[in-house]
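Chemist: I have a structure here, written as C-alpha cells, and I will follow up with some questions on it.
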Amino acid sequence: MRANQHTFFACSAPPCPNGKLHLGHIGGVYLLADVFVRYHRMVGNAAYHVTGADEHGTYTLVKARKLGRPVDDVAHMHIEEILQCLRSVDIEPDVFVRTSSEDHKDRSLAIYDQLRASGYVELRDGEQLYCGTCEEFAADSLAVGECPACNAPTDSNLCEDCGSALQHNLLRNPIHTTCGQSLILRPIRQVHFELEKFAPGLDHAIEASGWPESIKRKELDWLRSKLMALPMSRHFDRGVTLNSPVEVAGQTLMTWFEGLWCYETGIERLCKQNGADLDDTMRNASTRLVFFMGQDNRFYYTIGVTASLFSRGYAIPYNHAIQDFYKLEGAKFSTSRDHAVWADEVAADIDTNVLRYYLASIAKPFGANDNDFLIEGLLQTAARIRAFETALRKYAGCNETLTADKLTVEQNHNVKRYSEAVQDLRVWDAMDAIDAFFDVASFSRADTSVSAAEVSVFLSLLNPVTPMLAARYGAFFFGAGWRPGLDGGTIRPSTGLRKPVDFPLFSDPIPEAFIEAYERRFRQVRPNS
Numbered sequence: 001m002r003a004n005q006h007t008f009f010a011c012s013a014p015p016c017p018n019g020k021l022h023l024g025h026i027g028g029v030y031l032l033a034d035v036f037v038r039y040h041r042m043v044g045n046a047a048y049h050v051t052g053a054d055e056h057g058t059y060t061l062v063k064a065r066k067l068g069r070p071v072d073d074v075a076h077m078h079i080e081e082i083l084q085c086l087r088s089v090d091i092e093p094d095v096f097v098r099t100s101s102e103d104h105k106d107r108s109l110a111i112y113d114q115l116r117a118s119g120y121v122e123l124r125d126g127e128q129l130y131c132g133t134c135e136e137f138a139a140d141s142l143a144v145g146e147c148p149a150c151n152a153p154t155d156s157n158l159c160e161d162c163g164s165a166l167q168h169n170l171l172r173n174p175i176h177t178t179c180g181q182s183l184i185l186r187p188i189r190q191v192h193f194e195l196e197k198f199a200p201g202l203d204h205a206i207e208a209s210g211w212p213e214s215i216k217r218k219e220l221d222w223l224r225s226k227l228m229a230l231p232m233s234r235h236f237d238r239g240v241t242l243n244s245p246v247e248v249a250g251q252t253l254m255t256w257f258e259g260l261w262c263y264e265t266g267i268e269r270l271c272k273q274n275g276a277d278l279d280d281t282m283r284n285a286s287t288r289l290v291f292f293m294g295q296d297n298r299f300y301y302t303i304g305v306t307a308s309l310f311s312r313g314y315a316i317p318y319n320h321a322i323q324d325f326y327k328l329e330g331a332k333f334s335t336s337r338d339h340a341v342w343a344d345e346v347a348a349d350i351d352t353n354v355l356r357y358y359l360a361s362i363a364k365p366f367g368a369n370d371n372d373f374l375i376e377g378l379l380q381t382a383a384r385i386r387a388f389e390t391a392l393r394k395y396a397g398c399n400e401t402l403t404a405d406k407l408t409v410e411q412n413h414n415v416k417r418y419s420e421a422v423q424d425l426r427v428w429d430a431m432d433a434i435d436a437f438f439d440v441a442s443f444s445r446a447d448t449s450v451s452a453a454e455v456s457v458f459l460s461l462l463n464p465v466t467p468m469l470a471a472r473y474g475a476f477f478f479g480a481g482w483r484p485g486l487d488g489g490t491i492r493p494s495t496g497l498r499k500p501v502d503f504p505l506f507s508d509p510i511p512e513a514f515i516e517a518y519e520r521r522f523r524q525v526r527p528n529s
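Residue numbers for the sequence shown follow full-length UniProt numbering, so the first one is 1 and each next one is one higher.
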C-alpha cells in the first residue's frame, strides 16, 4: 500500500425491502456512493461500497400483511428487486448485507455488548405505545401520529419533515396502523444509549470534523441543547433479540441501531475476504468511513452511528453525504401516492449514462431543498451528452493527430476543482467542473490539433458518473489498455488514420412514448385534484 493511500468505506443507508427503488432513492443515496467509490479507485485509493437491506423494519411487515404472505418471503422478493434496480443503473455494491443474516446479528450483538461493557448502555424505565384492541405493542411505523416539534404526520420513531428523534410518550394522537384505533402508553423496562457520559468528547470530535457546516451545526445543537439518552430496545417480534440484562430478554434492538450497523457487518466481511482484522482496520489512520443517506436517516447516522463509533474508541465518520428528499415534478417521491418512477423501468427506456448524469446533476447541498426531477432536465442532459459525443466523434475516421500537449493552466484548475468537489461530497460542483472542462477543450472546438491529454482526462472526469461511456470512448481513442486517470501526462497520443466509431451513441433522444407517458401520468390535471 502506498504511504498516501486511504481505504474508503462508502456506506449507503440500507433500504427497507417493501418495494423497488425509485429514482429518488437512486439519485439521493446509491448513485452518489457509487460515484465516490469509482473516483477513489481511479485515483489509487482502496474504496468499497457497503450497503444492505433493513429487514427488521415494520414497513416490510405491513407489506406482507397486505399481500397475505410470509414476511420473510416478501423481504426476499423485494431484495431481489432492489438489487435489480441497482444493477439497472450500473451500481454493484461490494457488500450487500441482509440484516436477517446470522453474521449481522452476531455483529450487532457484539457492538451492543461493547457499549454495555463500557458502561454506555443502561436499563431505564420507559413507555411503549400499546393497542388494547389488538393486544400488542406498536413499534416504528405501526404507530403514527403528529410530531410534537413540527406537527407534521409522522411515525413513532423519527419525523421525516424536521428530523426529530421521537419518544413514544411525546407522539401526539397516536394511532395503530394495523386497526386504526387509538394507542395508549404502557410502562416497560428498556435499555438506553447513555450519550451524556461522553457527550463533551463527541461534541469536540464533531466540531473538529470536516463535515458540512449545515450538518455539523444541527448535530452540535442537539448535543448542546437537546441531549438525552436514546432508547435502544422495544417489544417487537422481528429483529436482533437481546438476552441481557434479564429485564429486557426477548426484546429486540431498534432498527435505527442494528439496521444501520449493517455497515460494520459489511466491513467485517471485507476484512475476512482480505485476511485483515476488523478492529485493526477500524483503528487504522488510513481508514475513512463515509455515509450516504436521505434526510430521514440524518439523526441516527450523525448522532447514533457516530456515537457508537466514538464511544468504542474509533474515529467518527470522515464525512456524511445527506440529500434532501428528491422531488418529482415539485412533489416528494411517494410510493403510497404512486408518485414515483422506478429505476429498472426507466433504465429500460433511457440510456444508463444519461440517467446517471442527470440524477447526479440533481444533487444539491443539504438544506437547499432544490433537487427536482423534471422531464426537461432529462432532455437537456441527453442533449449535453450528445454534444460530448459529437465532439469526440469528430476525430474518428480522419487524419487529425492527437498531440502530446499537456493540460493548460485553466484545465488543470478544472481538474483540481473536480477532485476537491468529489472528495468533499459536493457532486454538484464536480458536475460544473466537467462542463467547464468540456467548454474550453480543444476537441470541443473546430481545432485540427487535439490534445490527447484533454481527451483522456475528460473521459476520466466522466468515468465515475458515466463509466460505460468513458470506457468505450477511452478504448476507441487509446486502445483496450486505457485506464482512467487524472494525470494526462501519461497518455501517448495516437497518430494517423483512426477507424470510424463502431458503436452506437449513448445519447439517443429520449423516446417520444416515454415523454408522453410521463406527461400523462405526472402533468395531466386530474378532476378534483
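For glycine and all other residues, C-beta sits at the position ideal for the given N, C-alpha and C.
Taking the alpha carbon of Gln114 as the point to measure from, which residue in Arg41, Val50, Arg172 and Ser244 has its own alpha carbon closest?
Modeler: Ser244
Chemist: What number of angstroms, rounded off, separates the C-alpha of Ala3 from the C-alpha of Thr408?
Modeler: Residue confidence is low: Ala3 scores 46 on pLDDT, short of 50, so the model does not pin down where it sits. Its coordinate-derived value is still stated next. One C-alpha to the other measures close to 29 Å.
Chemist: Could you name the residues of the same chain whose beta carbon sits closer than 8 Å to that of Pro70, not counting the 5 residues immediately before and after it, in chain order?
Modeler: Counting only Cβ-Cβ distances below 8 Å, and skipping sequence neighbours, we find Ala64.
Chemist: Would you please verify whether the beta carbon of Leu379 is less than 7 Å from any beta carbon of chain B?
Modeler: No chain B appears in the structure shown, which is made up of a single protein chain.
Chemist: Who are the near neighbours of Leu253 in its chain, counting only those whose CB is closer than 7 Å to its CB and skipping five residues on each side?
Modeler: Ser108, Tyr112, Met232, Ser233, Gly239, Val240 and Leu242
Chemist: For Cys262, which residues from the same chain have a beta carbon less than 7 Å from its beta carbon, with the 5 sequence-adjacent residues on both sides left out?
Modeler: Pro14, Gly52, Val97, Thr99 and His104
Chemist: Is Ala33 closer than 7 Å to Phe8 when the C-beta atoms are compared?
Modeler: No, the pair does not count as a contact, with Cβ atoms beyond the cut-off.
Chemist: Just to confirm, is the Cβ distance from Asp349 to Pro511 under 7 Å?
Modeler: yes
Chemist: Across which residues does DSSP place Cys131 in a beta bridge pair?
Modeler: Glu136
Chemist: Less than 7 Å between the beta carbons of Leu469 and Phe514, yes or no?
Modeler: For Leu469 and Phe514, no; Cβs fall outside 7 Å.
Chemist: Out of His168, Leu123 and Ser456, which one is the CA nearest neighbour of Gln190?
Modeler: Leu123
Chemist: Give, in chain order, every unbroken run of the alpha helix (DSSP H) that is at least 4 residues long and sits entirely within the segment 394–447.
Modeler: 409–423 and 427–440
Chemist: For the 8 Å Cβ check, are there 3 or more pairs between the segment 129–145 and the segment 286–302?
Modeler: These segments do not touch.
Chemist: Looking at the structure shown, is residue 530 part of a helix, part of a strand, or coil, going by DSSP?
Modeler: Outside the displayed span of the chain (1 to 529) sits residue 530, for which this structure offers no information.
Chemist: Just to confirm, are Gly488 and Ala453 a CB contact at a threshold of 7 Å?
Modeler: yes
Chemist: Between His339 and the rest of its own chain, which residues show a CB-CB distance below 7 Å, the 5 nearest in sequence each way excluded?
Modeler: Within its own chain, the residues whose Cβ lies closer than 7 Å to the Cβ of His339, once the five positions on either side in sequence are excluded, are Leu328, Ala331 and Phe333, listed in chain order.
Chemist: Could you tell me the distance, in whole angstroms, from the CA atom of Arg417 to the CA atom of Asp161?
Modeler: 33 Å
Chemist: Counting along the chain, where does the beta strand (DSSP E) carrying Ile303 start and finish?
Modeler: No beta strand (DSSP E) contains Ile303, which DSSP labels as neither H nor E.
Chemist: Between Leu230 and Tyr120, what straight-line distance do the alpha-carbon atoms span, to the nearest angstrom?
Modeler: 11 Å
Chemist: Can you confirm whether the segment 197–214 touches the segment 73–89 when touching is taken to mean that 3 or more C-beta pairs between the two stretches lie within less than 8 Å?
Modeler: These segments do not touch.
Chemist: For the putative contact between Asp203 and Leu220, defined by C-beta atoms under 8 Å, what is the C-beta separation to the nearest angstrom?
Modeler: 6 Å
Chemist: Please confirm whether Arg472 and Phe503 have their CB atoms less than 7 Å apart.
Modeler: yes
Chemist: Which residue comes first and which comes last in the beta strand (DSSP E) that contains Tyr467?
Modeler: The residue you asked about is not Tyr; residue 467 is Pro in the sequence shown. Segment Pro467 to Phe478 is the alpha helix (DSSP H) holding Pro467; no beta strand (DSSP E) there.
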